[in-house]
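Chemist:
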Amino acid sequence: MAKKSTATVAALVIETRSAVGTTGARAARREGKIPGVLYGHGDSQAIQIDAKVFADLLHGANRGKVVPAKVDGKADSVFLRAIERDPISHHPISADFQRITKGEAIYATIAVHTTGIAPGVRDSGGVLEVLAHTIEVKGPADAIPDGITVDVGSLNVHDHISAGDVKLPAGFTLVTTPDTVLVSIGASRTAAQAEADQAGPSPAAEPAVVGEKPADSAS
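If you use my numbering, the sequence shown corresponds to residues 2 to 220, in order.
1. Among the residues of its own chain, which have a CB less than 8 Å from the CB of Leu169, if the five just before and after it don't count?
2. Count the other C-beta atoms from every protein chain shown that fall within 10 angstroms of the C-beta of Leu156, then say buried if there are 16 or more, exposed otherwise.
3. Which partner residues does Leu79 have in the DSSP bridge list?
4. Between which two residues does the alpha helix (DSSP H) carrying Gly121 extend?
5. Between Ala12 and the rest of its own chain, which residues show a CB-CB distance below 6 Å, the 5 nearest in sequence each way excluded?
6. Hey, would you say Val54 sits closer than 8 Å to Asp143, going by beta carbons?
7. Is it true that the CB of Gln49 sits closer than 8 Å to the CB of Val79?
8. When every heavy atom of the ligand MG is checked, does at least one fall within less than 7 Å of the C-beta of Thr135?
9. Report buried or exposed for Ser220, applying the criterion of at least 16 other Cβ atoms within 10 angstroms of its Cβ.
10. Consult DSSP for Ala139 and reduce its assignment to one of helix, strand or coil.
11. Taking C-beta to C-beta, are Thr116 and Asp152 nearer than 8 Å?
12. How about His161 and Ser125: do their beta carbons lie closer than 8 Å?
13. Determine the contact status of Val21 and Asp51, defining contact as a CB-CB distance below 8 Å.
14. Count the other C-beta atoms from every protein chain shown that fall within 10 angstroms of the C-beta of Gly154, then say buried if there are 16 or more, exposed otherwise.
15. Applying the criterion that 16 or more other CB atoms from any shown protein chain within 10 Å of the CB defines a buried residue, is Ile89 buried or exposed?
16. Is it buried or exposed, Asp77, if we count other Cβ atoms within 10 angstroms and call 16 or more buried?
17. Going by the CB atoms, is the gap between Gly25 and Ala47 shorter than 8 Å?
18. What is the rounded straight-line gap between the Cα of Pro146 and the Cα of Ala109?
19. Per DSSP, Asp51 is paired with what?
In C-alpha coordinates:
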(Lines of atoms letter the chains of each structure in order from A and count residues from 1; the text may use other names and numbers.)
(Lines give C-alpha, C1' and ligand atoms only; values in the text may rest on other atoms or scores of the structure.)
Protein backbone atom coordinates (compact mmCIF):
# COMPACT_ATOMS: atom_id res chain seq x y z
CA MET A 1 0.00 0.00 0.00
CA ALA A 2 1.36 3.42 -0.93
CA LYS A 3 1.01 6.50 1.24
CA LYS A 4 0.69 9.89 -0.40
CA SER A 5 0.98 13.22 1.38
CA THR A 6 -1.72 15.82 0.85
CA ALA A 7 -0.25 18.59 3.00
CA THR A 8 0.19 22.03 1.47
CA VAL A 9 3.84 22.90 0.98
CA ALA A 10 5.19 26.45 1.08
CA ALA A 11 7.33 27.38 -1.89
CA LEU A 12 11.09 27.17 -1.39
CA VAL A 13 12.81 30.46 -2.05
CA ILE A 14 15.85 29.75 -4.20
CA GLU A 15 18.25 32.44 -5.38
CA THR A 16 20.75 32.43 -8.21
CA ARG A 17 24.29 32.58 -6.84
CA SER A 18 26.53 34.94 -8.79
CA ALA A 19 29.78 33.91 -7.08
CA VAL A 20 30.58 30.35 -8.10
CA GLY A 21 33.28 27.87 -7.15
CA THR A 22 34.72 27.27 -3.70
CA THR A 23 34.99 30.96 -2.89
CA GLY A 24 31.37 31.59 -3.78
CA ALA A 25 30.18 28.55 -1.80
CA ARG A 26 32.06 29.70 1.30
CA ALA A 27 30.64 33.20 0.97
CA ALA A 28 27.12 31.76 0.79
CA ARG A 29 27.65 29.70 3.94
CA ARG A 30 28.92 32.77 5.83
CA GLU A 31 25.62 34.43 4.98
CA GLY A 32 23.61 31.51 6.39
CA LYS A 33 22.88 29.98 2.98
CA ILE A 34 23.34 26.50 1.56
CA PRO A 35 25.03 26.67 -1.86
CA GLY A 36 24.09 24.26 -4.58
CA VAL A 37 23.19 23.61 -8.20
CA LEU A 38 19.83 23.57 -9.97
CA TYR A 39 19.65 21.56 -13.20
CA GLY A 40 17.11 20.10 -15.55
CA HIS A 41 15.23 21.55 -18.56
CA GLY A 42 18.15 23.70 -19.59
CA ASP A 43 21.56 24.72 -18.35
CA SER A 44 22.49 24.15 -14.72
CA GLN A 45 22.82 27.19 -12.51
CA ALA A 46 24.55 27.97 -9.23
CA ILE A 47 22.00 28.62 -6.48
CA GLN A 48 21.66 29.17 -2.77
CA ILE A 49 18.89 28.57 -0.25
CA ASP A 50 18.44 29.78 3.31
CA ALA A 51 19.97 27.21 5.68
CA LYS A 52 16.96 27.20 8.02
CA VAL A 53 14.53 26.70 5.13
CA PHE A 54 16.71 23.85 3.87
CA ALA A 55 16.76 22.25 7.34
CA ASP A 56 12.96 22.40 7.45
CA LEU A 57 12.84 20.60 4.10
CA LEU A 58 15.23 17.88 5.31
CA HIS A 59 13.38 17.21 8.56
CA GLY A 60 9.86 17.64 7.24
CA ALA A 61 7.48 15.21 5.58
CA ASN A 62 8.27 16.53 2.11
CA ARG A 63 11.84 15.35 1.85
CA GLY A 64 12.01 13.14 -1.23
CA LYS A 65 9.08 15.01 -2.78
CA VAL A 66 8.68 17.42 -5.64
CA VAL A 67 8.02 20.76 -3.96
CA PRO A 68 6.99 24.17 -5.29
CA ALA A 69 9.75 26.74 -5.48
CA LYS A 70 10.38 30.32 -6.44
CA VAL A 71 13.65 30.67 -8.30
CA ASP A 72 14.53 34.37 -8.37
CA GLY A 73 10.82 35.02 -7.85
CA LYS A 74 9.65 32.78 -10.70
CA ALA A 75 7.38 29.84 -9.86
CA ASP A 76 8.91 26.43 -10.43
CA SER A 77 8.94 22.86 -9.05
CA VAL A 78 12.10 21.18 -7.77
CA PHE A 79 13.26 17.85 -6.38
CA LEU A 80 16.15 17.49 -3.91
CA ARG A 81 18.63 15.14 -5.59
CA ALA A 82 21.81 15.16 -3.50
CA ILE A 83 23.24 16.52 -0.28
CA GLU A 84 26.90 16.97 0.57
CA ARG A 85 27.70 16.94 4.29
CA ASP A 86 30.68 18.03 6.30
CA PRO A 87 32.69 14.87 7.10
CA ILE A 88 33.07 15.86 10.77
CA SER A 89 29.90 17.72 11.77
CA HIS A 90 27.67 16.00 9.17
CA HIS A 91 25.91 19.33 8.62
CA PRO A 92 24.76 19.98 5.02
CA ILE A 93 27.24 22.09 3.10
CA SER A 94 25.75 21.92 -0.41
CA ALA A 95 22.73 20.55 -2.24
CA ASP A 96 21.69 19.69 -5.79
CA PHE A 97 18.13 20.24 -7.00
CA GLN A 98 16.47 19.06 -10.20
CA ARG A 99 13.83 21.16 -11.95
CA ILE A 100 10.73 19.03 -12.54
CA THR A 101 7.52 19.55 -14.55
CA LYS A 102 4.14 18.17 -13.53
CA GLY A 103 3.72 14.52 -14.52
CA GLU A 104 7.35 14.07 -15.51
CA ALA A 105 8.71 10.58 -14.78
CA ILE A 106 11.68 10.59 -12.42
CA TYR A 107 13.73 8.12 -10.40
CA ALA A 108 12.99 8.19 -6.68
CA THR A 109 13.83 6.36 -3.47
CA ILE A 110 10.81 5.24 -1.44
CA ALA A 111 10.80 4.08 2.17
CA VAL A 112 9.58 0.56 2.95
CA HIS A 113 7.35 0.05 6.02
CA THR A 114 5.97 -3.18 7.44
CA THR A 115 2.54 -3.96 8.87
CA GLY A 116 1.01 -7.03 10.49
CA ILE A 117 2.35 -9.74 12.79
CA ALA A 118 4.11 -12.65 11.12
CA PRO A 119 3.00 -16.14 12.29
CA GLY A 120 6.66 -17.11 12.19
CA VAL A 121 7.32 -14.53 14.91
CA ARG A 122 4.13 -14.96 16.92
CA ASP A 123 3.90 -18.76 16.87
CA SER A 124 7.43 -20.00 16.19
CA GLY A 125 9.64 -17.50 17.97
CA GLY A 126 11.19 -16.27 14.72
CA VAL A 127 12.80 -12.89 14.21
CA LEU A 128 11.57 -10.23 11.76
CA GLU A 129 14.56 -9.00 9.76
CA VAL A 130 14.20 -5.84 7.66
CA LEU A 131 17.02 -6.12 5.14
CA ALA A 132 16.20 -3.13 2.93
CA HIS A 133 14.54 0.04 4.16
CA THR A 134 14.05 1.62 0.72
CA ILE A 135 13.39 0.70 -2.91
CA GLU A 136 14.16 2.57 -6.12
CA VAL A 137 11.29 3.30 -8.49
CA LYS A 138 10.49 5.42 -11.55
CA GLY A 139 7.20 7.20 -11.97
CA PRO A 140 5.30 10.51 -12.13
CA ALA A 141 7.05 13.20 -10.14
CA ASP A 142 3.81 14.59 -8.74
CA ALA A 143 2.59 11.20 -7.48
CA ILE A 144 5.57 9.91 -5.51
CA PRO A 145 4.23 8.13 -2.40
CA ASP A 146 5.60 8.80 1.07
CA GLY A 147 6.32 5.09 1.42
CA ILE A 148 5.37 1.55 0.53
CA THR A 149 3.81 -0.73 3.16
CA VAL A 150 4.37 -4.49 2.96
CA ASP A 151 2.17 -6.88 4.94
CA VAL A 152 4.15 -9.54 6.80
CA GLY A 153 1.02 -11.16 8.26
CA SER A 154 1.42 -14.39 6.27
CA LEU A 155 5.16 -14.99 6.73
CA ASN A 156 6.47 -18.08 8.51
CA VAL A 157 10.05 -18.85 9.51
CA HIS A 158 12.37 -18.72 6.47
CA ASP A 159 9.73 -16.87 4.38
CA HIS A 160 10.57 -13.50 2.83
CA ILE A 161 9.23 -10.64 0.70
CA SER A 162 11.30 -9.42 -2.24
CA ALA A 163 11.15 -6.11 -4.08
CA GLY A 164 9.41 -7.82 -6.99
CA ASP A 165 6.55 -8.84 -4.68
CA VAL A 166 5.66 -5.24 -3.86
CA LYS A 167 2.60 -3.74 -5.53
CA LEU A 168 3.52 -0.29 -6.81
CA PRO A 169 1.13 2.60 -7.50
CA ALA A 170 -0.21 2.99 -11.03
CA GLY A 171 2.36 4.49 -13.38
CA PHE A 172 5.39 3.36 -11.36
CA THR A 173 7.97 0.76 -12.31
CA LEU A 174 10.50 -0.99 -10.10
CA VAL A 175 14.17 -0.05 -10.53
CA THR A 176 15.55 -2.09 -7.63
CA THR A 177 16.50 -5.65 -8.65
CA PRO A 178 13.28 -7.69 -8.20
CA ASP A 179 14.93 -10.48 -6.18
CA THR A 180 16.29 -8.04 -3.58
CA VAL A 181 14.99 -9.31 -0.23
CA LEU A 182 13.24 -6.59 1.76
CA VAL A 183 11.93 -8.52 4.76
CA SER A 184 12.49 -12.06 6.02
CA ILE A 185 11.61 -14.16 9.04
CA GLY A 186 14.69 -15.79 10.51
CA ALA A 187 14.78 -18.60 13.03
CA SER A 188 15.44 -17.69 16.63
CA ARG A 189 19.01 -18.21 17.82
CA THR A 190 17.87 -21.21 19.84
CA ALA A 191 16.15 -22.80 16.85
CA ALA A 192 19.08 -22.05 14.57
CA GLN A 193 21.48 -23.66 17.05
CA ALA A 194 19.20 -26.71 17.35
CA GLU A 195 19.19 -27.09 13.55
CA ALA A 196 22.97 -26.85 13.48
CA ASP A 197 23.32 -29.43 16.26
CA GLN A 198 20.95 -31.80 14.48
CA ALA A 199 22.95 -31.52 11.27
CA GLY A 200 26.08 -32.56 13.15
CA PRO A 201 29.63 -31.27 12.76
CA SER A 202 31.05 -30.64 9.31
CA PRO A 203 33.62 -33.22 8.21
CA ALA A 204 37.08 -31.86 8.84
CA ALA A 205 39.84 -32.19 6.29
CA GLU A 206 42.79 -34.35 7.38
CA PRO A 207 45.76 -32.21 8.33
CA ALA A 208 48.66 -32.22 5.90
CA VAL A 209 51.92 -33.77 7.12
CA VAL A 210 54.82 -31.35 6.80
CA GLY A 211 57.41 -32.68 4.42
CA GLU A 212 55.10 -35.13 2.63
CA LYS A 213 53.62 -34.61 -0.81
CA PRO A 214 50.00 -35.42 -1.62
CA ALA A 215 49.61 -38.91 -3.06
CA ASP A 216 48.65 -37.58 -6.51
CA SER A 217 51.56 -35.15 -6.76
CA ALA A 218 54.27 -35.73 -9.28
CA SER A 219 57.56 -36.75 -7.68
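Every residue gets a Cβ at the ideal spot worked out from N, C-alpha and C, and that includes glycine.
Modeler: Reading it off the structure:
1. Apart from sequence neighbours up to five positions away, the residues of its chain that approach Leu169 with a beta-carbon distance below 8 Å are Ala3, Val138, Gly140, Ile149, Leu175, ordered along the chain.
2. By the 10 Å Cβ count, Leu156 comes out buried.
3. The sequence given here places Val at residue 79; Leu does not occur at that position. According to DSSP, which records beta bridges pairwise, Val79 is partnered with Val68, Arg100.
4. According to the DSSP assignment, Gly121 belongs to the alpha helix (DSSP H) that extends over 120–123.
5. Taking C-beta separations shorter than 6 Å and ignoring five residues to either side along the sequence, the partners of Ala12 in its chain run Pro69, Ala70, Lys71, following chain order.
6. No, they are not a contact pair.
7. Their beta carbons are not under 8 Å apart, which means Val79 does not touch Gln49 by this criterion.
8. Although the ligand MG was asked about, the structure shown includes no ligands whatsoever.
9. Per-residue confidence for Ser220 stands at a pLDDT of 42, beneath the threshold of 50, marking its modelled position as unreliable; no derived number is given.
10. Looking at the sequence provided, one finds Lys at residue 139 rather than Ala. In the three-state reduction of the DSSP assignment, Lys139 falls in the strand class.
11. The Cβ atoms of Thr116 and Asp152 lie closer than 8 Å to each other.
12. It is not a contact, given that the beta carbons lie outside the stated cut-off.
13. Not a contact, by the Cβ cut-off of 8 Å.
14. By the C-beta density criterion, Gly154 is exposed, having fewer than 16 other C-beta atoms within 10 angstroms.
15. Classification of Ile89: exposed, given that the 10 Å Cβ count is below 16.
16. With 16 or more Cβ atoms within 10 Å of its Cβ, Asp77 is classed as buried.
17. Cβ distance < 8 Å, so Ala47 and Gly25 count as in contact.
18. Here the alpha carbons of Ala109 and Pro146 stand approximately 10 Å from one another.
19. The secondary-structure analysis by DSSP pairs Asp51 across a beta bridge with Lys34.
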